[in-house]
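Inspection log for the structure reproduced underneath, given as structure tokens.
2 protein chains.
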Amino acid sequence: MENKTKASPHVVVVGGGFGGIRASLALAKLGVKITLVDRYNYHLFQPLLYQVATAGLSVDDIAYPIRAIVKQKKNIDFRLAEVTGVDFGSKTVTMNTGTIGYDYLVVAAGGMTNYFGMESVEKHSFGMKTLDESVIIRNHILSMFELAAHEKDADKRRALLTFVIVGGGPTGVESAGALAELAYHVLTKEYHHVNFKEVRIVLVEASDKLLAAMPESLREVTVETLINKRVEVRMCIQVTDYDGERLTLKGGEVIPTNTVVWAAGARAIHLIDKLGVEQASMRRAVVNEHLQIPNHSEVFVIGDAAHFMQDERPLPMIAPVAIQQADIVAKNIGNLIKGKELKKFVYKDVGSMATIGRNAAVVHMGSFKTHGFFAWAIWCFVHILRLIDFRNRAVVFSKWVWDYLVYERVVRIITRK
Amino acid sequence: MENKTKASPHVVVVGGGFGGIRASLALAKLGVKITLVDRYNYHLFQPLLYQVATAGLSVDDIAYPIRAIVKQKKNIDFRLAEVTGVDFGSKTVTMNTGTIGYDYLVVAAGGMTNYFGMESVEKHSFGMKTLDESVIIRNHILSMFELAAHEKDADKRRALLTFVIVGGGPTGVESAGALAELAYHVLTKEYHHVNFKEVRIVLVEASDKLLAAMPESLREVTVETLINKRVEVRMCIQVTDYDGERLTLKGGEVIPTNTVVWAAGARAIHLIDKLGVEQASMRRAVVNEHLQIPNHSEVFVIGDAAHFMQDERPLPMIAPVAIQQADIVAKNIGNLIKGKELKKFVYKDVGSMATIGRNAAVVHMGSFKTHGFFAWAIWCFVHILRLIDFRNRAVVFSKWVWDYLVYERVVRIITRK
């Protein structure tokens, strides 16, 4: 084989999320040289970010050092750096700390919060896509209760105690449920000077559906469960503006609030805008059936950053898509090296699930659907299993059991003034 | 009793550390009204701060919400605020969020890092008295390894990999030991591009003693153990300057380093300077035998903030002193209310202990002294027991067992850019 006599090819993987880690580990088996670049030194288990924001888990429960994940693979080199651009001509990646060349490139750089061009909302509301953002939300929510406990002005107090979450997808639904439990089961025991009748938790969704990917029966269960947890569910209404004190809805309704969490949408990360490639909805890079950028057969894009049509719809921005695409990309890079035919990507739907709080979740897999305690147990089991390491699993499991038994949330500390 | 017909007295406790929490809980039993003020919303288990700085524990393992501690006591009101002054005449405490009056005041505001007037050192080195400071140290140490992994300039690389800890007290010794284990047992497996022969961990102490409160035999064991862990122990030498790149020692020796952790001293917190009371060494407030400020019998100072002479020496700034003083102060406030005679404070020495790493600690209690594995087991047991809540105990215990078995440190994430 002629390849054996050449230096082994160098693959650069941009992003240490679900797609990037999976691709790097799969590529490592091919014997190629891999450089994995991420702007953070940890892999983040994004599906549980909302539990950090609502004081259920701590930062390191869902963040795992990338070097620890790849330490067994001597052919993976990790670089802590932010990628600022790619030159397809010279095959180099530009980072804030220098440049590196590549033979093959895998862009798994992920997504970010989409404010749909609403600058005032972007400036005043909280996004929840990064670990730092989740901690900021936790600090903010707890600070609102501290301020409210000694606020004499009733108008100011109500605004402090009104929490609005925008977006009825999994992040919005899970956050609203977790926040309601934090307020009504945990904080109510400790803020003796707060009248919890003044607390409002509002979930705003523009369409008439919560968890739109779910079948109708489960969507209905979701709405009912949230209402039972004292979340005000507002559907069929759009947010038009937020100035930090007043949230304005379409038609002129105003909600005075100091807290708006924006979970209404995601888009591909800014890096994709800088590549000069064709972009589709949500600024995602259009890829071909082999997940390559058209005209650059050595460049692959996967996960949230990639626009891949299947059954006439773009695939959603979820971890299973990124993971399945990572496997195909690793195979296809192997095939390119060996001169073999490339594999086409087809996404196999693994279903979806969301938790709404204690004993309450909705699960949909193929024709199987369930809700309530059993769904909640499945949700817990699946998420524990997916955590990357035995220790994180054990700690998260013990925290969940503890919270369940004693209605607690221990991570209620306000850091970073 | 005439007091029964009056409104119950109001006690303000400043500080939610070991002294302030203990005093508040003891006072709560007297039936008085208590306002507990702290600038953080959590009680911090300071003896384990160094484990946060060296990636062994996470922030919320050693920080516990104050409201959760006092939630059973309806007569304790917590306020998240920074105390900026006290007016003894009008009996009011000024905070950044307003003022409150008091009948009795307990100042348990603690200590802070003492740079002994060396401004350049204060500006460029890291203190380790607060949770935020510990996280900053952790982020910094891990970042140094990330930068060193791709630094071509050998001089810059050595400065990145040189870590100097100043101060041979428990904090300095425990930090040096923990950092050596982090570097040589954990990071060495993951930074394939770092030559660990270039790593230096230096402990600098001005006197000829490490752990000066320990008997000589244990001090010797401490030095030997650190040297065996590849810590360079430098005694009898003072730091004179640090500009962020070059640490200068007395006599002109220069150590190029990007990391200096300053654990060389503590002093009473700035608030004490603003009270207009007599201050002694380390700026601590002089108190009488009943722990009162002279001429203000309703004002008590305890813990690191108080200067109390016993056996011709001021009591050290350690938790057992604060805790024992808190008990006496609560009794004395009760006695003042009832018109009874006040109790004198006498500190009962509970001994001291420090851990230097795996299987290595020194323990000294009365005439009992031991070191090695048995001392280390005692240290672990005592520190687990002292943690405030069963869940924290269980989580910390499981992390220690895990780290012990697999030589790991999972909290190696760099947060906050």
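Quick mapping for you: the protein sequence lines, in order, are chains A and B. All residue numbers for the first sequence refer to my numbering, where the first residue is 1 and numbers rise by one. All residue numbers for the second sequence refer to my numbering, where the first residue is 1001 and numbers rise by one. All C-beta atoms, glycine included, are put in the ideal place defined by N, C-alpha and C. The structure displayed is predicted, hence computed values, not measured ones.
For V1395/B, the nearest beta carbon of chain A is closer than 8 Å to its own beta carbon. With fewer than 16 other beta carbons inside 10 angstroms of its own, G1276/B counts as exposed. Your pair V362/A and T222/A checks out as a contact, with CB atoms roughly 6 Å apart and the cut at 8 Å.
In this chain, the alpha helix (DSSP H) harbouring M144/A covers 131-149. Under the Cβ distance rule, A63/A counts among the residues neighbouring chain B, one pair being separated by less than 8 Å. Interface annotation for the segment 139-156 of chain A against chain B: L142, E146, H150, criterion Cβ-Cβ distance under 7 Å.
Sequence-distant partners of V194/A (beyond 5 residues in either direction) whose C-beta falls short of 6 Å from its own C-beta, in its chain, are A148, A149.
M1235/B is bridged by DSSP to nothing; it lacks a bridge partner.
Each of A109/A, H192/A, A154/A, A264/A was checked against the Cα of V164/A, and the nearest Cα belongs to A264/A.
Taking the Cα positions, G101/A is about 36 Å away from G1056/B. Counting only residues of its own chain and dropping the five nearest sequence neighbours on each side, K1091/B has a CB closer than 8 Å to the CB of G1101, Y1102, D1103, L1105, E1298. C-alpha of Y1242/B to C-alpha of K1250/B: approximately 12 Å in a straight line. Per the DSSP secondary-structure output, M1317/B pairs with nothing in a beta bridge.
In this structure, H1124/B lies near V1260/B, with their beta-carbon atoms less than 8 Å apart.
For K189/A, the nearest CB of chain B lies under 8 Å from its own CB, placing it at the interface with that chain. Taking 8 Å as the CB threshold, L1179/B stays off the interface with chain A.
Rounded to the nearest whole angstrom, the CA to CA distance from P1294/B to L1080/B is 29 Å.
For a Cβ distance threshold of 9 Å, residue set R1412, I1413, I1414, T1415 of chain B lies close to Y42/A, ordered along the chain. Secondary structure remark: continuous alpha helix (DSSP H) runs of at least 4 residues inside the segment 208-293 of chain A, in chain order: 216-228.
Taking a cut-off of 8 Å on C-beta distances, the segment 1181-1190 of chain B touches the segment 1401-1410 of chain B, as three or more cross pairs fall below it.
Under the three-state reduction of DSSP, P1065/B is assigned to strand. Looking only at S1143/B, S1024/B, M1353/B, L1030/B, the smallest Cα-Cα distance to D1038/B is reached by S1024/B. Contact between the segment 106-118 of chain A and the segment 1383-1393 of chain B is not established, with fewer than three Cβ pairs separated by less than 8 Å.
At least 8 Å separates the beta-carbon of D1349/B from that of V411/A. Counting the other Cβ atoms within 10 Å of the Cβ of L49/A gives 16 or more, which makes it buried.
Rounded to whole angstroms, Y1042/B and G1016/B show a C-alpha spacing of 7 Å. Under the three-state reduction of DSSP output, L160/A falls in the helix class. Within the segment 1116-1134 of chain B, the residues whose Cβ lies closer than 8 Å to any Cβ of chain A are, in chain order, L1131, D1132.
Taking one beta carbon from each stretch, the segment 1330-1347 of chain B and the segment 1361-1380 of chain B have fewer than 3 pairs nearer than 8 Å; the two do not touch. Straight-line measurement puts the Cα of D304/A at about 37 Å from the Cα of W1400/B.
In the three-state DSSP reduction, G339/A falls in the coil class, being neither helix nor strand. Shortest Cα-Cα distance from H185/A to any of V254/A, R230/A, A266/A, T248/A involves R230/A. If the five residues before and after H383/A are omitted, its C-beta is found closer than 7 Å to the C-beta atoms of P47, L48, all from its own chain and listed in chain order.
DSSP places H1371/B in the strand class (E or B) of the three-state scheme.
Pairing I1356/B with L1226/B gives a Cβ-Cβ distance under 8 Å. Boundaries of the alpha helix (DSSP H) harbouring T171/A: 170-181, taken from the DSSP string.
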